[in-house]
Amino acid sequence: MKPAQRLTLFLLLAPALIWLGLLIVLPHVEILILSLSERVGPRVYRFGLGNYLEFFTEPLYWRTFARTAIMSILVTALTLVLAFPIALYIARVAQGRVKAMLLLLCLLPFWVSELVRTLGWMILLRETGLISFLLQSTGLASQPVELLYNDGAVILGLVYGGLLFMIVPLANALESLEPSVVEAGYDLGGSRWTVLRRIVIPHAMPGIVAGSIIVFMLTVGNFATPVLLGGKNGLWFTEQIYAQFITRFNWPQGAAFGMLLLVLSSVIVWAGLRLSGQGLGTTLRQA
Amino acid sequence: MNRPPIAWKLYIAAFYLFLFAPLLVVAIFAFNASPFPSPPWRGWTLEWFIGNGSVFGKPGVLVDPIWLDSIGNSLKVAVPVALLAVLIGTVNAWVLERAEFPGKSVVAMMMLWPLVIPGVILGISILAFFSRVANGLEEALQTDLDPLRPGLPLVILGQLSFILTIATLIIAARLRKFDRALEEAAFDLGASRAHVLRTVTLPFLRPALIGAGLVALLMSFENFNTTLMLVGSEPPLPITMYGQMREGATPAINAVSLLLMLGVGGIASLFALTSKAQA
Chain A
18 MKPAQRLTLF
28 LLLAPALIWL
38 GLLIVLPHVE
48 ILILSLSERV
58 GPRVYRFGLG
68 NYLEFFTEPL
78 YWRTFARTAI
88 MSILVTALTL
98 VLAFPIALYI
108 ARVAQGRVKA
118 MLLLLCLLPF
128 WVSELVRTLG
138 WMILLRETGL
148 ISFLLQSTGL
158 ASQPVELLYN
168 DGAVILGLVY
178 GGLLFMIVPL
188 ANALESLEPS
198 VVEAGYDLGG
208 SRWTVLRRIV
218 IPHAMPGIVA
228 GSIIVFMLTV
238 GNFATPVLLG
248 GKNGLWFTEQ
258 IYAQFITRFN
268 WPQGAAFGML
278 LLVLSSVIVW
288 AGLRLSGQGL
298 GTTLRQA
Chain B
-2 MNRPPIAWKL
8 YIAAFYLFLF
18 APLLVVAIFA
28 FNASPFPSPP
38 WRGWTLEWFI
48 GNGSVFGKPG
58 VLVDPIWLDS
68 IGNSLKVAVP
78 VALLAVLIGT
88 VNAWVLERAE
98 FPGKSVVAMM
108 MLWPLVIPGV
118 ILGISILAFF
128 SRVANGLEEA
138 LQTDLDPLRP
148 GLPLVILGQL
158 SFILTIATLI
168 IAARLRKFDR
178 ALEEAAFDLG
188 ASRAHVLRTV
198 TLPFLRPALI
208 GAGLVALLMS
218 FENFNTTLML
228 VGSEPPLPIT
238 MYGQMREGAT
248 PAINAVSLLL
258 MLGVGGIASL
268 FALTSKAQA
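So the protein lines, in turn, are chains A and B. Per our numbering, residue 18 is the first one in the first sequence, and the count goes up by one each step. Per our numbering, residue -2 is the first one in the second sequence, and the count goes up by one each step.
This is the structure:
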């Protein structure tokens, strides 16, 4: 390489290296180091695993962590089941303008801020809200019904927030399924269910994996939905990170929680890829 | 699968109702003449947009300094984020599509990373890292380095950390479709490198540059997770909305949400137009 070429390359690479170095790599090294420093006195720290031990000995912390993980898996599975018929319809049944319309209508709500969507659910679900009001005015309930501040509301809000990220990769994967293959399945005597299970679902696998991974990551890392729809029963792990960093000003503890959340999200993504035999590159491209 | 069963069609209809119900409710209750965004319906009003507070005790969105300041703060963040994202994203796209160097695949993969890191973690890691830098530098230089403390400049950096990935991907996708023969023809006709860039390559990239800018603007305006960790005393719009939602808000929050939806709709249709021009 000529020196002039080398200089050009360096200048072009510089912004990317500054971005990735200063905003991604070094900050993550920082929270790793921070998470490994124990407080031994006022403003005195030493190297140690104390913050991680604290996580395992305090039930509130690891229970919130386990709860976040399990509920996120549940939300991902529910989103997949709810989204599959929609994606199948958009990809295989709808034609021309109806198809474009249905896909656009799916996209629209997700351009709107997460907080606006959550506000809508709060107005619908709360004690003085629309559903409670309608139940009372139709005589189905004799007093106000509180539908907010429980696990059901949190799951509802999280599934709602994940739907689009499931429908788009699913529809993309189903789009490439040859109609003749499906017909062959029926001709060979397969029932609707057999064709779905043996032909359609295996073909959609890359989309299923991509969608599930994205929905899981978004759900685990969500903050506003569990806090606003769950209230003090929300108990989401990101809330613990926020509390340690901003409310209690215990940064080393918060950094340890952050590392744990990062590990959780990476492990589940990796396990999902391994179980389905997909690569990360192809998966991200699918999305 | 030519005739879908009726149950399937009913499910599709129910699904779209479910999708739009929360947004419709937010929009409609912005016009309710009541101090709370909840039923019963007490008639139509525009108080929550333009009222001065004489009717319900609290002013409408377009008069209330709390909301106006928040919108201003959001703009102070979103405009620099969008400009920087387009500028740096273009250079990054060039690196991805045109440059050849050892370790390129590593750089390309690292550029995707920010998308798989939860926003809360991006926020705390940048907060912690820049605090350490500020502590070190303030000691050495004996001056205050406020931009590295929580506040709008740090919010800009935090949002850029992942919006840059998206801008880079949008611009790189367009650059990949570019026919290099066009540039070569211009070189053969005696044009300089800068001239070719200005008259051939950049005009071709224009729809992607505008599209990336609009998406960056929108994502910055609506970002909550990363912003929450880095915000100082000047809250952008989503932070104010969050605070009001926790306390129990007046329908002014519905009014600001409706304005946001209209703005988003405008930007989204602009984006759809530019990507149609791209296709």
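Ideal Cβ placement from N, Cα and C applies to all residues, glycine included.
Going straight from the alpha carbon of residue i to that of residue j, what length do you get?
i, j, result
"Pro196 (chain A)", "Leu245 (chain A)", "45 angstroms"
"Val115 (chain A)", "Tyr106 (chain A)", "11 angstroms"
"Leu37 (chain A)", "Pro269 (chain A)", "23 angstroms"
"Leu132 (chain A)", "Thr236 (chain A)", "15 angstroms"
"Ser283 (chain A)", "Gly228 (chain A)", "15 angstroms"
"Gly116 (chain B)", "Ser154 (chain A)", "42 angstroms"
"Pro112 (chain A)", "Phe182 (chain A)", "Looking at the sequence itself, residue 112 (chain A) is Gln, so the reference to Pro does not match. Between Gln112 (chain A) and Phe182 (chain A), the C-alpha separation is close to 22 angstroms."
"Trp41 (chain B)", "Leu122 (chain A)", "28 angstroms"
Does the beta carbon of residue i sit closer than 8 angstroms to a beta carbon anywhere in chain B?
i, result
"Pro134 (chain A)", "Reading off the sequence shown, one finds Arg at residue 134 (chain A), where the question assumed Pro. By this cut-off, Arg134 (chain A) is an interface position."
"Ala33 (chain A)", "yes"
"Leu24 (chain A)", "no"
"Thr264 (chain A)", "no"
"Trp210 (chain A)", "no"
"Val61 (chain A)", "no"
"Glu47 (chain A)", "yes"
"Leu194 (chain A)", "no"
Using a Cβ-Cβ distance under 8 angstroms, would residue i count as near chain A?
i, result
"Ser35 (chain B)", "yes"
"Leu256 (chain B)", "no"
"Pro77 (chain B)", "no"
"Asn89 (chain B)", "yes"
"Ser158 (chain B)", "yes"
"Glu219 (chain B)", "yes"
"Arg129 (chain B)", "yes"
"Ile85 (chain B)", "yes"
"Leu267 (chain B)", "no"
"Asn222 (chain B)", "yes"
"Trp64 (chain B)", "no"
"Trp45 (chain B)", "no"
"Pro232 (chain B)", "no"
"Val152 (chain B)", "no"
Give the single residue among the options whose Cα lies nearest to the Cα of residue i.
i, options, result
"Met242 (chain B)", "A:Ile148, A:Arg134, A:Leu77 and A:Met234", "A:Arg134"
"Thr165 (chain B)", "B:Trp64, B:Leu206, B:Pro248 and B:Pro233", "B:Leu206"
"Gly50 (chain B)", "B:Gly40, B:Glu181 and B:Asp61", "B:Asp61"
"Glu180 (chain B)", "B:Ser122, B:Ile167 and B:Arg195", "B:Arg195"
"Val46 (chain A)", "A:Leu292, A:Gly289 and A:Ala272", "A:Ala272"
"Ala213 (chain B)", "B:Ile118, B:Ala82 and B:Ile250", "B:Ala82"
"Ala125 (chain B)", "A:Ile258, A:Leu152, A:Phe127 and A:Glu75", "A:Ile258"
"Thr93 (chain A)", "A:Phe82, A:Ile230, A:Arg209 and A:Thr145", "A:Ile230"
"Phe17 (chain B)", "A:Trp287, A:Gly178, A:Leu205 and A:Ala260", "A:Gly178"
"Ala170 (chain B)", "B:Pro36, B:Ala24 and B:Val92", "B:Val92"
"Ile63 (chain B)", "B:Met238, B:Val228 and B:Arg173", "B:Met238"
"Ile285 (chain A)", "A:Leu49, A:Gly238 and A:Ala170", "A:Gly238"
Name the chain A residues whose beta carbon is nearer than 8 angstroms to that of residue i?
i, result
"Pro115 (chain B)", "Met234, Val237, Gly238, Thr255, Leu278, Leu279 and Ser282"
"Val22 (chain B)", "Gly137, Ile140, Leu141 and Leu147"
"Val197 (chain B)", "Chain A residues near Val197 (chain B): none, gap ~18 angstroms exceeds 8 angstroms."
Taking residue i as the query, report the chain B residues whose CB atoms sit under 8 angstroms from its CB, ordered along the chain.
i, result
"Met139 (chain A)", "Met242"
"Leu187 (chain A)", "Simply none; closest approach about 14 angstroms."
"Phe150 (chain A)", "Ser35, Pro36 and Pro37"
Which of helix, strand or coil does DSSP assign to residue i?
i, result
"Trp253 (chain A)", "coil"
"Trp38 (chain B)", "coil"
"Phe240 (chain A)", "coil"
"Glu55 (chain A)", "strand"
"Tyr166 (chain A)", "coil"
"Asn29 (chain B)", "strand"
"Phe53 (chain B)", "coil"
"Phe64 (chain A)", "strand"
"Thr140 (chain B)", "coil"
"Arg143 (chain A)", "coil"
"Leu43 (chain B)", "coil"
"Arg171 (chain B)", "helix"
"Ile264 (chain B)", "helix"
When you compare the CB of residue i with every CB in chain E, is at least one pair closer than 8 angstroms?
i, result
"Ser122 (chain B)", "Absence of chain E from the displayed structure is noted, the protein chains being A and B."
Can you name the residues of chain A whose CB is closer than 7 angstroms to the CB of residue i?
i, result
"Pro19 (chain B)", "Arg134, Gly137, Trp138 and Leu141"
"Pro235 (chain B)", "Ser130 and Leu132"
"Leu214 (chain B)", "In chain order: nothing, as chain A lies at least about 12 angstroms away."
"Ile163 (chain B)", "Those within 7 angstroms of Ile163 (chain B) in chain A number zero; the least Cβ separation is about 12 angstroms."
"Phe12 (chain B)", "Ile103"
Run through chain A and tell me which residues come within less than 9 angstroms of residue i, C-beta to C-beta.
i, result
"Pro32 (chain B)", "By Cβ distance, chain A contributes nothing, its closest Cβ being about 12 angstroms from Pro32 (chain B), past 9 angstroms."
Please list the partners that residue i has in chain B, where partner means a Cβ-to-Cβ separation under 9 angstroms.
i, result
"Val226 (chain A)", "By Cβ distance, chain B contributes nothing, its closest Cβ being about 14 angstroms from Val226 (chain A), past 9 angstroms."
"Gly271 (chain A)", "Ile121 and Ala125"
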